[in-house]
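Undergrad: Input: one structure, supplied below.
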Amino acid sequence: MRANFLVSGLLTAGSLLAVLAIHPALADDAPAETPPGCATTASAAEQLLCREPALTKAVADLSAALDALAATTDDTGRAAIDAGQTLWRSRRDEACPVTVADLADAKAAKTRGDCLLRSMKQRTAALEAERLARSKPVADLPLTVSGAAAPRLAPVPQQPLAINRQISMTALVGRWAKADPVDRTVIDDCRTSYLEVGRDLTVHAVDSRLPLFPLDGALAAGGDPQQGVALTRNAPPAAEGTATAEPVSEASVSLRILPADSRGLDRLLLRMAPPATFAAEFVRCR
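Position 174, counted from 1, in the sequence shown is what numbering that gives the first Met the number 0 calls 173; the numbers after and before it change by one each time, with no gaps.
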């Protein structure tokens, strides 16, 4: 009886081997054997790269592309390439995570391997494109000139934006600080360097860095602040023992406001005509 069971088991095993020989795809579910040396790698991803021939070839191609690109630059460029490669590797590991459990599952290992293969091929192509671009600088490209000149577009007249505010002389009142005219970055600190317009339209400007300051005076009444208001500067104080100096009107100094929808975004222009040529843009102190 026991012999019959033994014979039956041998026949069953032989049948299974025969089926696997005829249909090798049924054996794919078994995990691939790890080649010698791959088990000592640091991470599961490196083990997968080591044991799969297609991934091993992709690693070699990527390494060759890196070496070719590094040969086109100096030490600084190679350091930048290494930094870019480190960043790409971290992003690859995030997009294609591989665990030890994946290595034991043939389907999971194939899925992770396909992801790694796509990522490395894309990286290799990008490195090759960069190397080719460096080998053909812009100066070496052929110059092509079109037979027809491009049509000239008529300049669009610049129209001031409509402001939903009534702008009067009181819009100038407040403390202002010099600012960069491009990005409105404040230059002054509003304490030791500023321009202040009082409610009585008196002007006091301080800046120890500029010889034209301090500037004291009063704005002409009835002016249009959007067109520019002349400043009547006070005469310097009289020397001791002499008569008090009278104010001197100088139309060469003016203030002009560039209003915005919000009062806090207004800009103020200070201009001085020759001989004291000076111009600056101010924003409101906060």
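Yeah, the Cβ is synthetic: ideal placement off N, Cα and C, and Gly gets one too. As the structure is a prediction and not an experimental result, all values here were calculated from the model.
Start and end of the beta strand (DSSP E) containing R272?
TA: One point to set straight first is that residue 272 is Ala, not Arg, in the sequence displayed. First-last for A272: undefined, no H or E at that position.
Undergrad: Check the C-beta distance from L254 over to V228 and give it rounded, since I have them as a contact under 8 Å.
TA: At roughly 5 Å, the Cβ-Cβ gap stays under 8 Å, so L254 and V228 are in contact.
Undergrad: From the DSSP output, read off the bridge partner residues of S253.
TA: A229, R270, per the DSSP bridge assignment.
Undergrad: Beta-carbon within less than 7 Å of R111's beta-carbon, same chain only, minus the 5 sequence neighbours each way: which residues are those?
TA: Cβ within range, chain order: L47, C95, V97, D101.
Undergrad: In the DSSP assignment, what residue or residues form a beta bridge with W175?
TA: L194, R283.
Undergrad: Over the uninterrupted beta strand (DSSP E) stretch that includes A204, give me the two end residues.
TA: Unbroken beta strand (DSSP E) run through A204: 201–205.
Undergrad: Do A59 and K120 have their C-beta atoms within less than 8 Å of each other?
TA: Not a contact, by the Cβ cut-off of 8 Å.
Undergrad: What span of residues does the alpha helix (DSSP H) with D113 cover, start to end?
TA: From DSSP, the alpha helix (DSSP H) with D113 extends over 105–134.
Undergrad: Can you grab the Cα-Cα spacing for the pair V172 / G216, in whole Å?
TA: Distance between the alpha carbons of V172 and G216 is about 14 Å.
Undergrad: Please name the residue or residues paired with V97 in a DSSP beta bridge.
TA: BP columns for V97 are empty, so no partner.
Undergrad: Thinking C-beta only, is R122 closer than 8 Å to L54?
TA: No; because the gap between Cβ atoms is not below 8 Å, this pair is not in contact.
Undergrad: In chain order, what residues of the same chain lie with their CB nearer than 7 Å to the CB of A272, ignoring the 5 residues before and after it?
TA: These residues qualify, in order along the chain: S251.
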